[in-house]
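Colleague: I'd like to ask some things about the structure below.
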Amino acid sequence: MSDHASFNDTIIEEFRANGGTVSRFGRSLVLVHHVGAKSGIERIAPVMAIRDGDDAWLIAASKAGADDHPAWYHNLLANSDVTIETADEPAVDVHVTDLQGEDRDVAWARFTSMSPGFASYEKRTSRVIPVLRLARRG
């Protein structure tokens, strides 16, 4: 198991054991269930989220400023109807939208104002960091 997978597993365990609270992140994470676009394997990614109204969440595919997008980003584009776990609900069916232009820029500004880490990620990479909106389905 890679160090990254082990770190994610630890975060997921803590999230579930403590009702969505994780020591390093508070209650700001969601667990995104996604299926590998190539592998077909179901995976779970813990991702920092910002509420966007009552029925939506914003997530940023920052990958800590790496020059490539996280694998889960590609998986969500390939299969945009997924389930997330939130601090308040164990299963929320959502539809994923990859925000573009001004919508993306406004959403990204929410991340950088919430945490200076996001601004540093942006400085480390030449790519535009995608922001996705996860809107409750049904």
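The sequence shown begins at 1384 in the working numbering and counts up one residue at a time.
C-beta atoms are modelled at their ideal positions from N, C-alpha and C, and glycine is treated no differently.
Quick one: Cα of residue 1473 to Cα of residue 1450, how far?
Modeller: Translated into positions along the sequence shown, residue 1473 becomes position 90. Translated into positions along the sequence shown, residue 1450 becomes position 67. Each residue's alpha carbon lies about 32 Å from the other.
Colleague: With a Cβ-Cβ cutoff of 8 Å, do residue 1419 and residue 1391 count as a contact?
Modeller: In the sequence shown, residue 1419 corresponds to position 36, counting from 1. In the sequence shown, residue 1391 corresponds to position 8, counting from 1. Not closer than 8 Å, so no.
Colleague: Select from 1491, 1469, 1446 and 1470 the residue whose C-alpha is nearest the C-alpha of residue 1507.
Modeller: Residue numbering aside, residue 1507 sits at position 124 when the sequence shown is read from its first letter. Of 1491, 1469, 1446 and 1470, the residue nearest in Cα terms is 1446.
Colleague: Within its chain, find whatever has a CB closer than 7 Å to the CB of residue 1430; leave out the 5 residues flanking it on each side and keep chain order.
Modeller: Here the question's residue 1430 lines up with position 47 in the sequence shown. Closer than 7 Å at Cβ, skipping near neighbours: 1412, 1413, 1415 and 1442.
Colleague: With DSSP as the reference, please indicate the residues paired to residue 1489 in a beta bridge.
Modeller: For this step, residue 1489 is matched to residue 106 along the sequence shown. Looking at the DSSP assignment, residue 1489 forms no beta bridge with any residue, so it has no partner.
Colleague: So who's on the other strand from residue 1426, going by DSSP bridges?
Modeller: Numbered from 1 along the sequence shown, position 43 holds the residue referred to as residue 1426. Answer by DSSP bridge pairing, in chain order: 1417.
Colleague: Let's test the definition: count the other Cβ atoms within 10 Å of the Cβ of residue 1424 and tell me whether it reaches 16, buried, or not, exposed.
Modeller: Counting from 1 along the sequence shown, the entry for residue 1424 is found at position 41. With fewer than 16 other Cβ atoms within 10 Å, it is exposed.
Colleague: Ends of the alpha helix (DSSP H) at residue 1396?
Modeller: Numbered from its first residue, the sequence shown carries residue 1396 at position 13. Taken as a continuous stretch (DSSP letters only), the alpha helix (DSSP H) holding residue 1396 covers 1386-1400.
Colleague: Looking at C-alpha atoms only, which residue of 1498, 1520 and 1489 is the closest neighbour of residue 1477?
Modeller: Position 94 of the sequence shown holds residue 1477. Closest by alpha carbon: 1520.
Colleague: If you compare alpha carbons, which of 1517, 1490, 1461 and 1471 is closest to residue 1422?
Modeller: Counted from its first residue, the sequence shown places residue 1422 at position 39. Checking every option, the nearest Cα to that of residue 1422 belongs to 1461.
Colleague: Confirm, please, whether the CB-CB distance from residue 1491 to residue 1467 is below 8 Å.
Modeller: Taking the first residue of the sequence shown as position 1, residue 1467 is located at position 84. Taking the first residue of the sequence shown as position 1, residue 1491 is located at position 108. Not closer than 8 Å, so no.
Colleague: DSSP three-state call for residue 1480: helix, strand or coil?
Modeller: As a first step, residue 1480 must be located in the sequence shown, where it is residue number 97. Residue 1480: strand per DSSP, three-state reduction.
Colleague: Write down the C-beta distance between residue 1403 and residue 1471 rounded to the nearest angstrom, noting that I regard them as a contact closer than 8 Å.
Modeller: For this step, residue 1403 is matched to residue 20 along the sequence shown. For this step, residue 1471 is matched to residue 88 along the sequence shown. Between residue 1471 and residue 1403 the Cβ distance is about 7 Å, and since that is below 8 Å, they are a contact.
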